[in-house]
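Residue numbers for the sequence shown, in mature numbering (1 follows the signal peptide of the UniProt record, and there is no 0): -18 to -1, 1 to 506. Below you'll find the structure, written out as structure tokens, and then a few comments.
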Amino acid sequence: MKAGLLAVAAAMASGVVASKHNHARHNHAGFHNHQNAPRGLTGYPEATCDCSTVYYTTTGAPTLYFPPPPPPTTTAAPTSSAAPTVPTPYVTTFPSTGVYTIPATTITVTEETTVCGASSTPISSSGTYTVGGVTTVVETSTTVVCPYATTTTSGGVVTSTILTTTYVCPSAGTYTIAPLTTTVSKSTVWVYPITASYPAGTYTQPAVTTTITESDYVYVCPFSTPTPVAPTSTYVPAPVYTTKAAASAPAQSSAAPTVAAGGNHWAITYTPYNDDGSCKDASAVSSDVAEIAKKGFKALRFYSPDCSALQNIGSAAEANGLKLILGVFISNTGLGPAQEQVDEIVAWAKWSLVDVIIVGNESIMDGYVSASQLAGFIQSSRAAFKGAGFSGAVTTTEALDIWQANTGVLCEVVDVVGCNIHPFFNSAVTAADAGSFVASQLKIVDSLCPGKTGYNFETGWPSAGSKNGLAVPGVVEQSIAVLAIVAEAGDRSVVLSFENDNWKNPGPFNCERSWGAIQLFSWL
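Structure below.
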């Protein structure tokens, strides 16, 4: 599954939490009025009456009549209020190949604001396509009220807007409310609105230079939040998730499930794709997983069940004594496809192999869902997994600043705190300092949700690309950085990644393809 969406991550200043590592890791996603009627009164006869009008005229001497001047009138000058300025992702289309620079931008949001954001998905051929909408899971007949993003057209001008709808779910099941549909006659990139909530804070989009290798390429550049402002109110899940499905989720106990981490290199990420983005066959997956076990890892993380990952990776992991960190990937197509992944995992149900299930990978940061939407989906997914017999931990992964801004929503629905900590995207961190940086960030993660341990589910250093301040990519630098990370935080960190992911776009700093690290563990 390869979407043509390129997300750009921002590097943060010294002393600030690490920004999101914006690999398009699931860039393969494209691959694979209510009105009350007036009530009449009955039981009384209708009243009747007779009416007549009398006209009469009087005459007198003629006189001149001077009417008084009319009173002065005033007209209020038209006023307008500017829409709030928020850090919706910067979307642009490059008409031709070449090297382009997007200028730096900083935006400050003073209070939590929900607006229309933008997302996109590639369409490879003519036809009718549907994306987006709000997905909810209910166990009985339920009426939900929820906001949704849509477009309106007036005078040939298309405007994105947020509306609210009341939707009746007639019976138990999964419902997608107000999806968007388009019909195209040729391949294109569809840019469409999504709801996006932004907590108070200062958002920065750094200047980015990128090389575009396709004509009419749609580029989406999100903001990061290096200086989040503590929310002044308590975040409350959106009404769409205050359903019986959410209420029926097993209550969190004080003794939340734990993760069987440990050792100086606990886990590594793995994606079952060939260089061209096609799926690896079972034999190739089996060989890769055996190599991971040979290098001493205890577990591997994959991001979604596509490419028969549950069957192929699961069988290979079982044969080699490895645990799995499963993923449910939330993309720009909304929660509907994510729910299908949940259903697939529940049907597979080989829980003895599974250590952790991660619902969403930086999906708030990417603008695919709000914190409230993600919390509701984690809650319903967790209920499905637990109901099918899973007793392990369920969580999500976000960058540290996203967690800090949304602990009031997310802490209560996760068993452990999942964070992606990437020292390379902090321009003040050298390769030699990568280990101490990750360890210091993990201490902050541990403090986010009282009683719940923090884990670093994605970290590493690229072997090629462009430098980011003091963060310099390279083969030697990668060795120094990764070995420092596993020495200081390897018992709770997942290394990115098994091999170079050549199916990805080059991305920010031209480094997205160059995180393969399995070869480094021949030294340990």
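Backbone N, C-alpha and C fix where the C-beta goes; we use that ideal spot for every residue, glycine too. These figures come from a predicted structure and were not determined experimentally.
Residue nearest to Ser354 within the set Leu317, Thr134, Ala466 and Thr412 is Leu317 (criterion: CA-CA distance).
Counting of Cβ neighbours within 10 angstroms places Glu322 among the exposed residues, the total staying below 16.
Judged by DSSP in its simplified three-state form, Phe311 adopts coil rather than helix or strand. Ranked by how close their Cα comes to the Cα of Ser290, the residues Ser373, Ser345, Ser265 and Val81 have Ser265 in first place.
With a minimum length of 4 residues, the unbroken runs of alpha helix (DSSP H) contained wholly in the region 363 to 428 fall at 382 to 392 and 416 to 428. Residue pairing of Cys261 in beta bridges, as defined by DSSP: Tyr255. Under the three-state reduction of DSSP output, Gly498 falls in the coil class, being neither helix nor strand. A distance below 8 Å separates the beta carbons of Lys305 and Asp337.
The residues Cys98, Ile144, Pro175, Ile176 and Thr177, in chain order, have a CB closer than 6 Å to that of Ala131 in the same chain once the five nearest residues on each side in sequence are set aside. Ranked by Cα distance from Gly349, the options Ser373, Ile384, Val271 and Trp330 are led by Ile384.
Judged by DSSP in its simplified three-state form, Ser142 adopts strand. Exclusion of the five residues before and after Phe359 leaves Leu317 as the residues of its chain whose Cβ lies within less than 6 Å of its Cβ.
Counting other Cβ atoms within 10 Å of its Cβ, Val457 stays below 16 and is therefore classed as exposed. By the Cβ neighbour-count rule, Lys280 is buried, with 16 or more other Cβ atoms within 10 Å of its own.
Residue state for Phe503 is assigned as helix, using DSSP reduced to three classes.
Secondary structure of Ala299 (DSSP, three-state): helix.
The closest CA to that of Val267, considering only Ala242, Gly296, Lys277 and Val241, is found on Gly296. Distances from the CA of Pro287 to each of Val399, Thr134, Trp443 and Ile340 were compared; the closest alpha carbon is that of Ile340. Looking only at Val241, Lys262 and Leu292, the smallest Cα-Cα distance to Ser475 is reached by Val241. Assignment of Leu162 by DSSP, reduced to helix, strand and coil, places it in the strand class.
Counting along the chain, the unbroken beta strand (DSSP E) around Ala131 starts and ends at Thr124 to Ser136. Look at Gly472 here: in three-state DSSP terms it is helix.
A direct Cα-Cα distance of roughly 10 Å separates Val113 from Thr158.
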